[in-house]
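Data block below; observations after.
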Amino acid sequence: MKLFSRVILCAVLAAGSLCADQLPPGFVKLFNGKDLKGWKAKPGGWVVEKDGVFARKPGGGYVWTEESFGDFILDLEVKLAKRCNSGVFFRTNPKNAVQGGFEIQVLDSAGKAKVGKHDMGALYDAMAPKVNAAKPAGEWNKMRISCRGPMVNVILNGKEVVSANLDHWVKGNQNPDGSRNKFRTALKDLPRKGHIGLQDHGQNVWFRNIFIKRLD
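In our numbering, each residue carries its 1-based index in the sequence shown increased by 79.
What follows is the structure, given as structure tokens:
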């Protein structure tokens, strides 16, 4: 049987060796491994490689799901080039990605002794990962993003790196610990439903095995 890992998205996530008939219970494929059906990107910006991986092309920009999602569990795998900077966006307005949603950072952070709110697995600019769970460039990272109401949890390579209650972000441009962030709107007031997106930030990144389970 053909491995489902061959029908994946190469750019920020990957999953491994699940077969098409072995999806986790309740999950569906968010990427079919064949084409960009269900996704929107500028022409030629993102491509599906022959092994079913979703890959970013230079200057590809963002690629967005056509559907919106509120509460969900998102599983995916991502592989980074050296010095890669990318991200997985969720509950986001594609017309205002910087201010209109949330991002889990994808960054070549492997080996760093201390990680911050811009490193791999962070809730970007809002919460640093608890531990550095990033794998070296060239290896696949497994990521799970769970959203239930105000709660956002991120598991990276089997380790919980983020557990955030968005209701604790009550002021614009300020995190609960008093540090500044980029968000003019308090995170508690941002929409609880929006699109999922993958980011091209100039370096090569690959995604695959992108599955989602709706919780609402």
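Think of the CB as a built atom: it goes at the ideal place given N, C-alpha and C, for glycine as much as any other residue.
Original post:
Per DSSP, Ile291 forms a beta bridge with which residues?
Top reply: Val107, Leu153
**OP:** Just mark Val142 as buried or exposed, buried being the case when its beta carbon has 16 or more other beta carbons within 10 Å.
**Re:** Around the beta-carbon of Val142, 16 or more other beta-carbon atoms lie within 10 Å, marking it buried.
Original post:
Using the C-alpha atoms, what's the distance from Arg162 back to Met80?
Top reply: Any reading at Met80 must be qualified, since the residue scores a pLDDT of 33, below 50, and its modelled position is unreliable; no value is offered.
Original post:
Quick one: Cα of Arg271 to Cα of Cys226, how far?
Top reply: 9 Å
Original post:
With burial defined as no fewer than 16 other Cβ atoms inside 10 Å of the residue's Cβ, what is the status of Gly131: buried or exposed?
Top reply: buried
**OP:** Whole angstroms is fine: what's the gap from Gly190's alpha carbon to Ala216's?
**Re:** 10 Å
Subject >> Residues near Phe181 by beta carbon distance below 6 Å, same chain, minus five either side >> reply: Phe169, Arg170
**OP:** Please state whether DSSP places Asn175 in a helix, a strand or coil.
**Re:** helix
Original post:
Helix, strand or coil: how does DSSP classify Lys267 here?
Top reply: helix
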